[in-house]
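Residue numbers (UniProt numbering): 1 to 152. Cβ atoms here follow ideal geometry from the backbone N, Cα and C, with glycine treated the same way. Right, one structure below, let's go through it.
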């Protein structure tokens, strides 16, 4: 569990705040938190670069519907088409760094802005219907996380 607090300090400019992380030791989780904080400025971006076989494509975050990995290929479904890359799903999710993207299974993540409906499926799973008539299964392990993201 991470705790946070705010301290007013007129000596530190509001546009460049100082973030101090205190812990008994520097673990991998602490390092990920520091990396997130250090990369925070990048989150204002509205595009994410995707490296395909022969070029780098700039995808608008608002157009990404679903990212699904199969073996070593990550397919990114957008409003304009499907793009493939060899990036891992976790790395891609970390680069997105936006709260409207949520992992729904070991192999997929969705953009909540493109979620149209959820319906019960088999064995406690759910089926997510997304923009462009795309469907993806929500694993029961991720249902609670998705519901929390939706505020339910």
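Terminal residues of the beta strand (DSSP E) in which residue i lies
{"i": "residue 111", "result": "108-111"}
{"i": "residue 93", "result": "It is not in any beta strand (DSSP E) - residue 93 instead sits in the alpha helix (DSSP H) that spans 89-96."}
{"i": "residue 120", "result": "115-120"}
{"i": "residue 129", "result": "126-130"}
{"i": "residue 62", "result": "That residue, residue 62, is in no beta strand (DSSP E); it is neither H nor E in DSSP."}
{"i": "residue 172", "result": "Because the chain spans 1 through 152 in this model, residue 172 falls outside it and cannot be assessed."}
Boundaries of the alpha helix (DSSP H) in which residue i is found, first to last residue
{"i": "residue 148", "result": "140-150"}
Cβ neighbours of residue i in the same chain (closer than 7 Å, five flanking residues each side left out)
{"i": "residue 100", "result": "111, 112 and 113"}
{"i": "residue 169", "result": "Here the chain covers residues 1 to 152 and nothing more, so residue 169 does not appear."}
{"i": "residue 48", "result": "59, 61, 95 and 96"}
{"i": "residue 149", "result": "102 and 112"}
{"i": "residue 80", "result": "63"}
Helix, strand or coil at residue i according to DSSP, with G and I counted as helix
{"i": "residue 31", "result": "helix"}
{"i": "residue 10", "result": "coil"}
{"i": "residue 70", "result": "strand"}
{"i": "residue 137", "result": "strand"}
{"i": "residue 39", "result": "coil"}
Sheet register partners of residue i (DSSP bridge)
{"i": "residue 103", "result": "109"}
{"i": "residue 1", "result": "Residue 1 pairs with nothing; no bridge assigned."}
{"i": "residue 22", "result": "Per DSSP, none; premise fails for residue 22."}
{"i": "residue 78", "result": "64"}
{"i": "residue 56", "result": "51"}
{"i": "residue 84", "result": "75"}
Closer than 8 Å to chain B by CB, residue i
{"i": "residue 111", "result": "In the structure shown, chain B cannot be found, because there is only a single protein chain."}
Cut-off 6 Å between Cβ atoms - residues of its own chain near residue i, not counting five sequence neighbours on either side
{"i": "residue 140", "result": "124 and 125"}
{"i": "residue 18", "result": "12"}
Beta-carbon contacts of residue i that lie in its chain and below 8 Å, excluding the five residues immediately before and after
{"i": "residue 136", "result": "66, 68, 104, 105, 108, 110, 127, 128 and 130"}
{"i": "residue 72", "result": "86"}
{"i": "residue 30", "result": "21 and 23"}
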